[in-house]
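K.L.:
Following this message is one structure expressed as structure tokens.
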Amino acid sequence: MKRSYLPAIVLTQSQDDAEVLNRLLRNAGHAVRPKWISRFEDLEKELRAEEPDLIVSYTKGAGAGLSKVIELRDKHAPLVPVIAISEEASEEAVAKAIQTGARDLVSLDKTERLVAVVSRELEVLGQARALHEARKQLREYEERFEGILEDSADALAYIQEGIHVSANPAYIELFGYEDADDVEGMPVMDFFSKESQADIRKILKQTLKGKPPTEALTLKGRKADGGEVELTVEVRGLEMDGEPAVELAIRSEGGDPEAYERQLAELERRDSLTGLFNRNYFNQILTQRFESRQDDDKARTLLVVQPDKFDSVRERIGVVASDDVLKGLAEIIRNHAEDGDFPARLENASFAVMLERGNLAAVKSWAESLNQAIAKHVFEAGGQSTAMTATIGISEMSELIETADGLLSTALEAVAQGGKAGGGKVIVYEPPETDAEGQLSDHAWAKRIRAGVEQDLFQLVYQPIADLTGGDSDLSDILVQLRDEEGEEFQAHDFMPAAERQRLVGLVDHWVIDHSLKVLKERMEKGQPGRFFLRVSHQTLADPKLVKWILGKVKQSDTLAKHVVFEISEHSLDKRLKEGKAFAAEARDLGCGVAVEHFGIGLNSMQTLSHMDMDFLKIDGSFMQGIDSDDAKREQVEQFIAAAKERDITTVAERVEDANTMAVLFQLGVAYIQGNYVQEPEVVMEEQE
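The structure is reproduced here in structure tokens:
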């Protein structure tokens, strides 16, 4: 299940390592929740309690320590990636770590690579979990399909290459055979009279070409004893085991032609073990109800029901018997649900109930009643009796929760809180104001960001971009900071990671661009406009309405465009290259400039450079730190400059902090520099309307 945070286990002797990793990943946009441990015994305990998304092991190489981590991971959470970190990471050491079972080995000083590796592995983990879930659902679907096939009063058979591969009891009985073995492997032509064989051959060919008959056909069948029977046959094409097949359906007398289709539709919605709605259908309904929350005044609440210490129950009574316990738990939930409630099985031992009734107090009372029923029940399974408690997490739809996934994640967080408190509890999710380190939470930042827009608490800040060739420069990079109601100022790096996770970056972009264009117009009237670099995030690129608004604002003035440079980070282009290219093309057609910032730390920087039309290439500041003594960084920057010059792109070096760095950049041929060495950011003073 998707969570609003990234649970990670960090195995290291120093808690400082875990805190550094936490800050690094949070600054990169990952809402990490690291659990620091220093002993292998604790690792096994944590893996039993909750499956993490990431295991980071500080190690001296691919030795016994890393092998033990891999062993425990394989036992308890085989899909979860292990990333090893050591003081050095030679090619040989990386290879040994991967052979041991780690996904990668990263040296302590390669923070950019560590972030890239974590991002890669989280994406792979998501795909692996999705594939695992899809395979599980496919098995469940096949099992229930077989059940419907067996119970159907209609005669059903499945044909591949003219041969019966499957038939249900009604079909076998209709043609006078004893069992499936008598039918499977037999040519379909043997089941039809000579006068109907040409028709059935033609129908099979047309169906396999994607042109099945639109109406039922009247054909003569030939039974096992040679007798003939008139049949009304419906035909459709499908796939079985990845190969084309044909379904023959012969409806029973007085049967409902649509009943079979309804059964299949219901099959797709139900969990095969418990009979509750399954995860896929639950996701659809959750999304629909979340999106319709503005259309009516209904109270909508999500509950997640999680039996406490179910892994221990499963180990004690066995896997098969534990399935019977889950069936019993599902029955209790079903019996407590009222008309209009939506109970579902999420996965494993997790259940959910979506309610559209009552206030929060009434919902909590209902949840308490459900919890008491679970605690009092004695589950009979596999000849054994067992009892257990459950934790129920409640999350109420509110303006603070931006997505349906967010609603589910917060309900899961409430479950986690209840589990840590000993279980057997009903917990209502309450957005925290601060996280475990005392930093403002994403929800708290979301409130401040919205208030910043509504109350104009944001401030534009500009940082000059200096010309290294000796000429005058009128270029300024526009930054943003946020004040709270007491006047305390927060820089973009404080709140933008939370804004990205809460999908509020577009809101910030809108405010910054709107106010920046107003300042530009004011300066144009005074004859000193300059040229502003304005950021456009990947969330903005993904919003066609916002993109249209931005370009429309520029079009309002014939002379405004030449004073605007829209800058897009390479990170954003990794996510939205197609949209970024389209936006850049339109902006340049209007006369605006386009820049790519933080260049060099993306997934494939040179490929991005070849795909993207731009006027400025802003090389990431991480390359500037220590470039005067780091040959590798100097060579990399030199390569970027050469590639830019080939394409007639102007280069800008970010975060230049000292004279030595500036001297090296001058020698390498960088055109412009920005950073605190040039000038620290200053607040842009807007005229009051």
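Take 724 as the starting number for the sequence shown in this note's numbering and just add one per residue. Beta carbons: idealized from backbone N, C-alpha and C, even for Gly. For clarity, every value in this text was computed on a predicted model and none was experimentally measured.
According to DSSP, what are the bridge partners of PHE1363?
P.N.:
Taking the sequence shown and counting its residues from 1, one reaches residue 1363 at position 640. Beta-bridge pairing links PHE1363 to no other residue.
K.L.:
Are the CB atoms of VAL1203 and VAL1231 within a distance shorter than 9 Å?
P.N.:
As a working note, residue 1231 is residue 508 in the sequence shown. As a working note, residue 1203 is residue 480 in the sequence shown. In contact: VAL1231 and VAL1203 (Cβ atoms closer than 9 Å).
K.L.:
Taking the continuous alpha helix (DSSP H) assigned at ARG1224, which residues delimit it?
P.N.:
In the sequence shown, residue 1224 corresponds to position 501, counting from 1. Element bounds for ARG1224: 1215–1224.
K.L.:
Alpha carbon to alpha carbon, how far is ALA1022 from LEU1130? Give it in angstroms, no decimals.
P.N.:
What you label residue 1130 is simply residue 407 of the sequence shown in a count that begins at 1. What you label residue 1022 is simply residue 299 of the sequence shown in a count that begins at 1. Spanning the two alpha carbons is a distance of roughly 13 Å.
K.L.:
Which of the three DSSP states is assigned to SER830 in this structure?
P.N.:
Here the question's residue 830 lines up with position 107 in the sequence shown. The answer is strand: DSSP assigns SER830 an E or B state.
K.L.:
Is it true that the region 1242–1255 meets the region 1266–1284, where meeting means three or more beta-carbon pairs spaced less than 8 Å apart?
P.N.:
Cβ pair count under 8 Å is three or more, so yes.
K.L.:
Count the CB pairs spanning the region 1113–1121 and the region 1093–1100 that are closer than 8 Å, and state whether there are at least three.
P.N.:
Yes, the region 1113–1121 touches the region 1093–1100.
K.L.:
For LYS1241, which of helix, strand or coil comes out of DSSP?
P.N.:
Residue 1241 sits at position 518 when you count from the first residue of the sequence shown. Reduced to three states, the DSSP call for LYS1241 is helix.
K.L.:
In whole angstroms, give me the CA-to-CA distance for THR941 and PRO935.
P.N.:
Here residue 941 corresponds to residue number 218 of the sequence shown, with the count starting at 1. Here residue 935 corresponds to residue number 212 of the sequence shown, with the count starting at 1. Answer to the nearest angstrom: the Cα atoms are 15 Å apart.
K.L.:
Helix, strand or coil: which one does DSSP assign to ALA1104?
P.N.:
Mapped onto the sequence shown, residue 1104 falls at position 381. The answer is strand: DSSP assigns ALA1104 an E or B state.
K.L.:
With a threshold of 16 other CB atoms inside 10 Å of the CB of MET1120, please say whether the residue is buried or exposed.
P.N.:
Within the sequence shown, residue 1120 is the residue found at index 397, counting from 1. Under this definition MET1120 is a buried residue.
K.L.:
Quick one: using the 10 Å Cβ neighbour count with 16 as the cut-off for buried, is ARG746 buried or exposed?
P.N.:
On the sequence shown, position 23 is the one that residue 746 refers to. So ARG746 ends up on the exposed side.
K.L.:
Just checking, does the region 824–831 make contact with the region 808–816 on the three C-beta pairs under 8 Å criterion?
P.N.:
Touching, yes.
K.L.:
On the criterion of 16 or more Cβ atoms from any shown chain inside 10 Å, does GLN736 qualify as buried, or is it exposed?
P.N.:
Within the sequence shown, the letter at position 13 stands for residue 736. When all chains shown are included, GLN736 counts as exposed.
K.L.:
Could you name the residues of the same chain whose beta carbon sits closer than 7 Å to that of ASP1046, not counting the 5 residues immediately before and after it, in chain order?
P.N.:
By one-based count along the sequence shown, residue 1046 stands at place 323. Around ASP1046: LEU996.
K.L.:
Which stretch, first to last residue, makes up the beta strand (DSSP E) that contains ARG1002?
P.N.:
Start at 1 with the first residue of the sequence shown, and residue 1002 comes out as number 279. First-last for ARG1002: 1002–1014, but that is the alpha helix (DSSP H), not the beta strand (DSSP E).
K.L.:
For GLY1275, I'd like the list of residues in its chain whose CB is within less than 8 Å of its CB, leaving aside the five on either flank, ordered along the chain.
P.N.:
Counting from one through the sequence shown, the residue named residue 1275 turns up at place 552. Answer for GLY1275: no residue qualifies.
K.L.:
In angstroms with no decimal places, state the Cα-to-Cα distance between HIS1334 and VAL1270.
P.N.:
For the purposes of this step, residue 1334 is taken as the residue at position 611 of the sequence shown. For the purposes of this step, residue 1270 is taken as the residue at position 547 of the sequence shown. About 20 Å.
K.L.:
Let me check one thing: in DSSP terms, what residues is ASP1200 bridge-paired to?
P.N.:
Here residue 1200 refers to the residue found at position 477 when the sequence shown is read from its first residue. Note: ASP1200 sits in a beta bridge opposite GLN1186 and PHE1256.
K.L.:
Which residues does DSSP list as the beta-bridge partners of HIS855?
P.N.:
On the sequence shown, residue 855 is found 132 positions in, with the first residue counted as 1. In DSSP, HIS855 forms no bridge with anything.
K.L.:
Of the choices TYR1185, ARG1226 and HIS1286, whose alpha-carbon is the least far from that of PRO1251?
P.N.:
Position 528 of the sequence shown, counted from the start, is the residue given in the question as residue 1251. What sits at residue 1251 in the sequence shown is Gln, not Pro. Out of TYR1185, ARG1226 and HIS1286, HIS1286 has the C-alpha closest to the C-alpha of GLN1251.
K.L.:
Is it the case that the Cβ atoms of ASP1311 and VAL1319 are separated by a distance below 9 Å?
P.N.:
Locating residue 1311 in the sequence shown gives position 588, where the first residue counts as 1. Locating residue 1319 in the sequence shown gives position 596, where the first residue counts as 1. First, the amino acid is wrong: residue 1311 is Arg here, not Asp. Not closer than 9 Å, so no.
K.L.:
Once DSSP output is grouped into helix, strand and coil, what is the label at LEU1191?
P.N.:
Position 468 of the sequence shown, counting from 1, holds the residue named residue 1191. LEU1191 falls in the coil class under three-state DSSP.
K.L.:
On the CB-based measure, 16 or more other CB atoms within 10 Å of its CB, does ARG959 come out buried or exposed?
P.N.:
Position 236 of the sequence shown, counting from 1, holds the residue named residue 959. Classification of ARG959: exposed, given that the 10 Å Cβ count is below 16.
K.L.:
Which residues mark the beginning and the end of the alpha helix (DSSP H) in which ILE895 is found?
P.N.:
Translated into positions along the sequence shown, residue 895 becomes position 172. Counting along the chain, the alpha helix (DSSP H) containing ILE895 begins and ends at 892–897.
K.L.:
Between the alpha carbons of ALA680 and HIS1321, how many angstroms are there, rounded?
P.N.:
With the chain covering 724 to 1412 only, the question about residue 680 has no answer from this structure.
K.L.:
Span of the beta strand (DSSP E) holding LYS943?
P.N.:
Against the sequence shown, residue 943 aligns to sequence position 220. Here the beta strand (DSSP E) through LYS943 covers 940–945.
K.L.:
So LYS1341 and GLU1290 are in contact, right, with Cβ under 8 Å, and what is the actual spacing, rounded?
P.N.:
Here residue 1341 refers to the residue found at position 618 of the sequence shown. Here residue 1290 refers to the residue found at position 567 of the sequence shown. 7 Å between Cβ atoms; contact.
K.L.:
Which of the three DSSP states is assigned to ALA1376 in this structure?
P.N.:
Counting from 1 along the sequence shown, the entry for residue 1376 is found at position 653. Three-state DSSP puts ALA1376 in a strand.
K.L.:
Would you check if the distance between the CB atom of LEU1183 and the CB atom of VAL1235 is smaller than 9 Å?
P.N.:
Here residue 1183 refers to the residue found at position 460 of the sequence shown. Here residue 1235 refers to the residue found at position 512 of the sequence shown. Contact: yes.
K.L.:
Can you tell me where the alpha helix (DSSP H) with ARG1037 in it begins and where it stops?
P.N.:
Walking along the sequence shown from the start, residue 1037 turns up at place 314. Counting along the chain, the alpha helix (DSSP H) containing ARG1037 begins and ends at 1033–1040.
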